[in-house]
Amino acid sequence: MPRGVSSVPRPRGFLLRVVRTPLWFYHRNLGFLLGKRFLYLAHQGRLSGLRRETVLEVVKLDHEAGEVIVFSGWGNRADWVKNLRAGRALEIRIGHLRLLEPEHRFLSDEERRAVLVEYKEVHPLTWWTLARLMGLPGDPKNDDIGDMRAVAFRPSSWDVRD
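The number in the numbering used here is simply the position in the sequence shown, starting from 1, with 864 added.
Structure, rendered in structure tokens:
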């Protein structure tokens, strides 16, 4: 059986701290230092109803469609994916931009594949690294992309943070 995204264990210990480091920037209103490559997502917990947070890499910033697209490195197993399926996004931030209660949608299989192919073309070194670390397909155009989930966030209006 080929190694896929679902077989990659979630980070723990030191690696978990490294992965969660960008939250430190957003908690101190310094998210703009991370540029437009990262997205802060606050969402409602599906069981607790409490606010939950994560920082995700922006895979595509589609100005024409007015959407920001992110992927789940752990497919359907990611808590933020489960929470969005059951509830709603509370807030997203990218750089100086902030949106409360954004709309979101899960991308179709065709859309996911097209976005991954484009990402690999734009960021070949990052793709190569992520493919090795997370078991991503070497060629998203022809290989099985498994249960990777992609979400597009669409604002009704953006607010610039001071």
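Even for Gly, the Cβ is constructed at its ideal location relative to N, Cα and C.
Review point. With contact counted as at least three CB pairs below 8 Å, one residue from each stretch, are the stretch 948-963 and the stretch 902-916 in contact?
Key: yes
Exercise for review: Have a look at Asn-947, Leu-1000, Asn-893 and Pro-886 and flag the residue whose alpha-carbon is nearest the alpha-carbon of Arg-962.
Suggested key: Asn-893
Exercise for review: May I ask you to verify whether the stretch 895-902 touches the stretch 913-922, counting CB pairs closer than 8 Å and requiring at least 3?
Suggested key: yes
Point to revise | Cβ-based neighbour list, Thr-993, same chain, cut-off 7 Å, excluding 5 preceding and 5 following | key: none
Point to revise | Pairwise C-alpha distance: Gly-909 and Thr-918 | key: 12 Å
Review point. Is it buried or exposed for Trp-888, if we count other Cβ within 10 angstroms and need 16 for buried?
Key: exposed
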